[in-house]
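Novice: Here it is, the structure in full.
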Amino acid sequence: MFLKLEVSPADGLFKVQQNVEMTCKLISHICSRLPTYASKGYLLLMSLTCQTGVMAAVRKNQVLENEVKDLMSRCQKIMKMAQDPVEKRQSSRKTMGPNEDDETPPEDFTELSIFPTGQDMEWNEKPFLRANKTEGGYKDVNHYLDVQFRLLREDYIRPLRKGIREYKIMKEKGENLKKNPDLRLYHNIKVIGLACKESLEHRIQFDNSHLKNIRWESSKRLLYGSLVCLSSDDFQNTFFAIVTSRDMKDIKQGIIQVQFMNSIREILNASGDTFIMAETTAYFEAYRHVLEGLQEMQTCFPLSRYIVECKTDIKPPQYARGYGTTLNIRYLLKDECRQNTQISVLLPTRWPPVENTPFNQSQYDAVKTALTKEIAIIQGPPGTGKTYVGLKVAKVLLDNREVWTSNAKPMLVVCYTNHALDQFLEGILQFCPNGIVRVGSRCKTEQLERFNLKQIRAQIRKEKRVKLDIKHSINDCFKGLCNLRERVERVSARLEATAKGILGESALRSAMPDNHYSSLVSNIQRRLLGARQSVMINWLTQGMLGESDETSYKGLEQEVTQQILEGTEMQHELSIDASQIPFLHPKMRAQMYRFWVDKVQDRLNQTLSVTVNVQTKQHVLAWRSKCTQEILPDSMLKLVINSNVFSVIAETSSQSPWYHKDYCVKTWLGLSPDTMSLQNLLDQLLEEDEGDEAEKKLNVEEDAEYTQRERQLDDADDDEDDDLFNFARRHKYSVKDAIFDLGIVTTVGKGSDRDMDGWQTPKAHRKQQERRLQHLLKTSQAMSEKEASAITDVWSHRLQVKDRVRLYLFWLDRYQTSLKDSIKTEADLYETEAARMRELKFAEDRDIMRSKAVIGMTTTGAARYRSVLKDIGCPIVLLEEAAELITTWFMTSSRIAMMLSRGLFIKCVGAGGARGDDTERVVSASHPHRRPSAAAAVAHGVRAEQDYNLDISLFERLIKNQLHHTTLTLQHRMKPQIANLVRHVYPHLKDHVTTVNRKRIKGVKQDVFLLHHEGYTTSQITILTGYSGQVFALKSRMKKEAEFYKGVRVTAVDNYQGEENNIIILSLVRSNEEGNVGFLGTDNRVCVALSRARDGLYAIGNFRILAEKSELWKNIAKTAKSNQQLGDCLVLRCENHPTTETKVSNKDVYEKVWAPCVYSRTPLPQEVLRRVWKMYPAGGEGDPHVWAQGYDRMSQRPSYMELHKSL
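Convert by adding 93 to the 1-based position in the sequence shown; the result is the number in the working numbering.
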């Protein structure tokens, strides 16, 4: 197959380029939709490159030339993939579980795509995966990197692959697709516009009618950095994208912003399609940077003798190997012992005794190990001072900066979370008040605000201290971006505006065939005689209320049935009184019906799985098909509906004039042969929910605020917050501007109140028209070119409302396509210029960071800034609290492969340090404290963590391979009573003398108590312990008495890592019928939860279930019970009357507890006294004067709750 484009002198350059562009568009479609024909597309491109005249025209357009080259490369890759023998691809994928360690990989891991491919979605091909080695070394660096890269890549791809496979199976079986646990599905996806950010992004809109009850402020759906997969053909061909923006106002309308991995032109060509979108929970943006870093780490790998080869003989650090090298250790000594502080650290006899330092023996050993070993591992239970030791070591190193860097290079501090980063930098701030830069604008500490990179950058620009070459380049690039941005955003605003309402005939004129436009306008001019009305609206709604023929009724019935079948689904059957059944809202009735249909489908699938008779199978399949197409008869529904409920439904339906004995449920749902009644039912089903549904929304389990903040930390410094773009932002052409310019009608009710013949249209009817029109626009498909060309008179009465909507969508699609075609070149240029701007900003930031003593950022930020950090070459890298880093989360920024479990810090010192020379590293951690977790919990039917050791940190691996480590053993935080519980995880944990004989907690009998609860219904315990959704619920209730709870902090266990407080109340609400304990069965999280309190710990939970499901909880409960610290009631004790105790087990008992006797010892404010005296007569037993006199008859005092409420 060859294509020849004749080029004559008469042909214009633009015409030739346009033909080539159309050819590329065709071939791109072939590659996306029909990849098996990629070879023919390649031949077409080859024939073009052989034509000298054509290629001469192509070379004058660099963007087009690059597109041809990229398309040829794409075709070649698809052809190569198709030509590889299936046997070769499957030879090492036949067995379940990991491949053998000595197997040869089928390809070089550096050639693998970081983004998913079509082949990755094929379930029948098991990917080549080798387990992470826990014992012994790897063959070489390439072996190590290959294993880690493939495991990490599979970790994020696997949930998507499994979810799509389940989707296809469930759809084939006719099962409810919403029950797929591995995938979140979104329907009717449309690309509605573009957004000019750091790169070109797309705004997409999904149908959110089924997601009305989701509290988006709390939900973890579609968070920044999430990976989504779009397809218009049931995932035969796919587009992958990353969520880049999740504005709360937009997402409630079903709008998010994404960045596609495909080319801009590919997306624009396909953007007229309607997609289904699948979302996985993997935070792809983090995977992406780390995977890219792994592919760049081929040539140099520091400390490979320990990490890769697992050698156990540890060398001294590079800086200490020189003859006569000394360190000043004055900050390791007590003030009175700071004489002769300059010592040779490699000579043990020169170190001062531990008595001269503020450390205990294990801490002192850890500090010496950190300063004298090339790699040092330090572990320690909670409260043993790991952060304290880390800061001391950092202080000494900064004090001896000239020893480990001759050109004043900075130290890099990397933390897993924003919170940990702020905490560690606050500690450094105490001895390094200047010279810190914090990358990322999510800092919550006022002390660190002035050290934010964005603040420093703005200050430098204000003071005009930016290098001239960078400044001029940024200004030039900015001007080009502004011009491109203005053009792209103007078209994008018009594109998005088309989804906000109905376009008028003037706006659509260029997209409408001449005969259609003439028919529409001439007719209306004759009838309205120039009246000021929306022609398009009147044309679309003409006869909408008057349709009453059989065809109209059937269409309306189909719409109503579709609404009933596809709305929001209940997770559990409602426990409502049968007497309320007749009065339920149509939406609630539809929800109940969908729940019953789901149960019917389950029964049908069970029957199908055991049936062998062909006729029976066909019969069952027919019924299963009806479940998704029509309302089922009572004979099917009675099998799954409660008998009492069905009796009430039957009785209610029998009173209807449209009663049918075989379709009582259908009648109860409101379906009738009356068109007007059916229209009213549709209006009720389509109407928006009103009022605050806070109580219902409290049931959402997730809270997105913390996760979103963590993910966006290092991406917050985008152009929208840049001074350079302030002008562009202020003068942005908005969607509102486009709506005005295009004359878009957003509400039918805002149009004329008269119909085509001049008759008054009631407001209620206009509202009905609007709802139905919106529904038709959302659910109808545009006419084909053939269908539209057959229409000559658009006002014909034979053209029903639904057909008019389809014709309008045909015009709209043509208009949108013309807009997209108009900005393809600008979009390509914007991508190029945006990439250049990012490089320039990185160069500006690199100069700022290089001038500082300490750089602080998160792990994701370090991976993102890896090119900048590589150029800086930080000699020392400190990694704090890498609690959840799996082995493959490399410190790619410093060319170091370090994976920790609650790692305190990593220190790499050497001449080149981050460039791959000899380095020193210290790892301080507490490996049982928190372990990393894999995103793919299951891989091909087996546990990924167990079969592939994906949850084993490098810290654990090095210890298992007998590398020397130091353990901190003396804890300074918890009372011994609290530490007793933690000793089930750390049996050798010792208590410092300062933890003994502390004052007990006032008002209670025990300083440690596990309050057992049992017997609550599931509706009473629905917000799970430890999850941030429960934090939201508690805070919502506490707002009612905000002053009373002022200063009390409420947070999730995971967010409190590394912190402590005097009193901790631990809510372990995890009761359920299944006895599932969730993450409370994870030892490391339990350890974190129990070890935060210094003086008092009070835990509330179902300890029977916890003990049954967890050996650790069984031992904890046993210890607490033996110490009388476990029971079903908490004993409160009066401070002034120690013998007066009250057992509290529920709210009712608590409200009867007497007012604290502290009032008899502490004078009350006069205003409070006056209010109390009004409540209780003077001289009576409630009189505060009597209290002050020591009145001891407790039973006659007002209760604490009564007093609190009254005040």
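Don't be surprised by glycine CBs; every beta carbon is placed ideally from N, CA and C.
(1) Out of D938, Y1041, L1161, T1212, which has the shortest C-alpha to C-alpha gap to Q1318?
(2) Is the separation between the beta-carbon of V486 and that of A463 shorter than 8 angstroms?
(3) Which runs of the alpha helix (DSSP H) at least 4 residues long sit entirely within the stretch 688-724? Give them in chain order.
(4) With the cut-off set at 8 angstroms, would you say T910 and G365 are in Cβ contact?
(5) Which first and last residues belong to the beta strand (DSSP E) in which A1145 is found?
(6) Excluding the 5 residues preceding and the 5 following S325 in the sequence, name in chain order all residues of the same chain whose CB lies nearer than 8 angstroms to its CB.
(7) Among T1088, V1181, L732, which one has its Cα closest to the Cα of V1075?
(8) Determine the contact status of I549 and I941, defining contact as a CB-CB distance below 8 angstroms.
(9) For A831 versus A586, is the C-beta spacing smaller than 8 angstroms?
(10) Over the uninterrupted alpha helix (DSSP H) stretch that includes M139, give me the two end residues.
(11) Rounded C-beta distance between Q298 and I285? I'm assuming under 8 angstroms.
(12) Return the chain-ordered list of same chain residues with a C-beta closer than 7 angstroms to the C-beta of Q1113, the five sequence neighbours on each side being excluded.
(13) Just verifying my parser: in three-state terms, what is the DSSP assignment at T1316?
(14) Per DSSP, which one or two residues make a beta bridge with Y686?
(15) May I ask which residues mark the beginning and end of the beta strand (DSSP E) holding L1321?
(16) For the putative contact between L1302 and R865, defined by C-beta atoms under 8 angstroms, what is the C-beta separation to the nearest angstrom?
(17) Just the C-alpha distance for C536 and E542, rounded to the nearest angstrom, thanks.
(18) Verify whether the separation of the beta carbon atoms of T450 and L426 is less than 8 angstroms.
(19) Quick check on the DSSP output: the beta strand (DSSP E) that includes H1058 runs from which residue to which?
(20) Apart from the five residues just before and just after D1147, which ones in its own chain have a Cβ nearer than 7 angstroms to its Cβ?
(21) Output the distance between the C-alpha atoms of W852 and V109, rounded to the nearest integer angstrom.
(22) What would DSSP say about D940, mapped onto helix, strand or coil?
(23) What whole-angstrom Cβ distance do L933 and S356 have, given they're in contact under 8 angstroms?
(24) What residue range does the alpha helix (DSSP H) around Y908 cover?
(25) Could you give the distance in angstroms between the alpha-carbon of A920 and the alpha-carbon of L293?
(26) Are the Cβ atoms of R1187 and M1067 separated by less than 8 angstroms?
(27) Below 8 angstroms, can you find three or more Cβ-Cβ pairs linking the stretch 885-905 to the stretch 334-351?
(28) Would you tell me roughly how many angstroms separate the C-alpha atoms of T480 and K1132, rounded to the nearest one?
(29) In this structure, how does DSSP classify S615 when only helix, strand and coil are distinguished?
(30) What do you reckon, are the CB atoms on V1078 and L1225 nearer than 8 angstroms?
(31) Can you tell me whether DSSP reads G573 as helix, strand or coil?
(32) So, helix, strand or coil for C508, using DSSP?
(33) Evaluate the contact criterion for the stretch 492-501 versus the stretch 949-961: three or more CB pairs, one atom per stretch, below 8 angstroms.
(34) Do the CB positions of P209 and F333 come within less than 8 angstroms of each other?
(35) When burial is assigned at 16 or more other CB atoms within 10 Å of the CB, is F1196 buried or exposed?
(36) Which residues share a DSSP beta bridge with E372?
Specialist: Per the coordinate set shown:
(1) The chain is shown from 94 up to 1300; residue 1318 falls before or after that span and cannot be answered.
(2) Taking the sequence shown and counting its residues from 1, the one referred to as residue 486 is at position 393. Taking the sequence shown and counting its residues from 1, the one referred to as residue 463 is at position 370. The answer is yes: Cβ separation under 8 angstroms.
(3) Fully enclosed alpha helix (DSSP H) runs of 4 or longer: 707-720.
(4) Position 817 of the sequence shown, counted from the start, is the residue given in the question as residue 910. Position 272 of the sequence shown, counted from the start, is the residue given in the question as residue 365. Going by C-beta atoms, T910 is nearer than 8 angstroms to G365.
(5) As a first step, residue 1145 must be located in the sequence shown, where it is residue number 1052. For A1145, there is no enclosing beta strand (DSSP E), since its DSSP letter is neither H nor E.
(6) In the sequence shown, counting from the first residue as 1, residue 325 sits at position 232. These residues qualify, in order along the chain: A363, D366, T367, F368, I369.
(7) Locating residue 1075 in the sequence shown gives position 982, counting from the first residue. For V1075, the nearest C-alpha among the options comes from V1181.
(8) As a working note, residue 549 is residue 456 in the sequence shown. As a working note, residue 941 is residue 848 in the sequence shown. Closer than 8 angstroms, so yes.
(9) Working through the sequence shown from its first residue, we reach residue 831 at position 738. Working through the sequence shown from its first residue, we reach residue 586 at position 493. Cβ distance < 8 angstroms, so A831 and A586 count as in contact.
(10) What you label residue 139 is simply residue 46 of the sequence shown in a count that begins at 1. First-last of the alpha helix (DSSP H) with M139: 131-142.
(11) Here residue 298 is taken as the residue at index 205 of the sequence shown, counted from 1. Here residue 285 is taken as the residue at index 192 of the sequence shown, counted from 1. Yes, they are in contact, since the Cβ atoms of Q298 and I285 sit about 5 angstroms apart, within 8 angstroms.
(12) In the sequence shown, counting from the first residue as 1, residue 1113 sits at position 1020. Its pLDDT being 30, under 50, Q1113 is placed unreliably by the model, and the measurement read from it follows with that caveat. Excluding sequence neighbours, Q1113 sits near nothing in its chain.
(13) The question about residue 1316 has no answer here: the residues shown for the chain are numbered 94 through 1300.
(14) As a first step, residue 686 is located in the sequence shown; it is residue number 593 there, counting from the start. DSSP lists no bridge partner for Y686.
(15) What is shown of the chain runs 94 to 1300, which leaves residue 1321 out entirely.
(16) Outside the shown range of the chain (94 to 1300) lies residue 1302, about which nothing can therefore be said.
(17) As a working note, residue 536 is residue 443 in the sequence shown. As a working note, residue 542 is residue 449 in the sequence shown. Computed Cα separation, rounded: 7 angstroms.
(18) To locate residue 450, count along the sequence shown from 1; it is residue 357. To locate residue 426, count along the sequence shown from 1; it is residue 333. L426 is positioned such that its CB atom lies closer than 8 angstroms to that of T450.
(19) For the purposes of this step, residue 1058 is taken as residue 965 along the sequence shown, with counting starting at 1. Taken as a continuous stretch (DSSP letters only), the beta strand (DSSP E) holding H1058 covers 1058-1060.
(20) Taking the sequence shown and counting its residues from 1, one reaches residue 1147 at position 1054. Cβ within range, chain order: n/a, list empty.
(21) Looking up residue 852 in the sequence shown gives position 759. Looking up residue 109 in the sequence shown gives position 16. Confidence is the limiting factor: at W852 the pLDDT is only 44, short of 50, which leaves the residue's position unreliable and the question unanswerable from this model.
(22) As a first step, residue 940 must be located in the sequence shown, where it is residue number 847. Residue state, collapsed to three classes: helix.
(23) As a working mapping, residue 933 is identified with position 840 in the sequence shown. As a working mapping, residue 356 is identified with position 263 in the sequence shown. At roughly 24 angstroms, the Cβ-Cβ gap does not stay under 8 angstroms, so L933 and S356 are not in contact.
(24) Looking up residue 908 in the sequence shown gives position 815. It spans 894-915 - the alpha helix (DSSP H) in which Y908 sits, taken as one unbroken run.
(25) As a working mapping, residue 920 is identified with position 827 in the sequence shown. As a working mapping, residue 293 is identified with position 200 in the sequence shown. Distance between the alpha carbons of A920 and L293: 7 angstroms.
(26) Looking up residue 1187 in the sequence shown gives position 1094. Looking up residue 1067 in the sequence shown gives position 974. Their beta carbons are under 8 angstroms apart, which means R1187 touches M1067 by this criterion.
(27) Between the stretch 885-905 and the stretch 334-351, the count of Cβ pairs shorter than 8 angstroms is below three; the stretches do not touch.
(28) The count along the sequence shown starts at 1 and reaches residue 480 at position 387. The count along the sequence shown starts at 1 and reaches residue 1132 at position 1039. One C-alpha to the other measures close to 34 angstroms.
(29) Along the sequence shown, one-based indexing puts residue 615 at 522. Correct three-state label for S615: helix.
(30) Reading the sequence shown from its first residue, position 985 is the one you call residue 1078. Reading the sequence shown from its first residue, position 1132 is the one you call residue 1225. Judged by beta-carbon spacing, L1225 lies beyond the 8 angstroms limit of V1078, meaning their Cβ atoms are not closer than that value.
(31) Looking up residue 573 in the sequence shown gives position 480. If DSSP states are grouped into helix, strand and coil, G573 belongs with the helices.
(32) On the sequence shown, position 415 is the one that residue 508 refers to. C508 falls in the strand class under three-state DSSP.
(33) The stretch 492-501 vs the stretch 949-961: no contact.
(34) If you number the sequence shown from 1, residue 209 lands on position 116. If you number the sequence shown from 1, residue 333 lands on position 240. Yes, the Cβ-Cβ distance between P209 and F333 is below 8 angstroms.
(35) As a first step, residue 1196 must be located in the sequence shown, where it is residue number 1103. Under this definition F1196 is a buried residue.
(36) Locating residue 372 in the sequence shown gives position 279, counting from the first residue. Paired residue(s): R277, V321.
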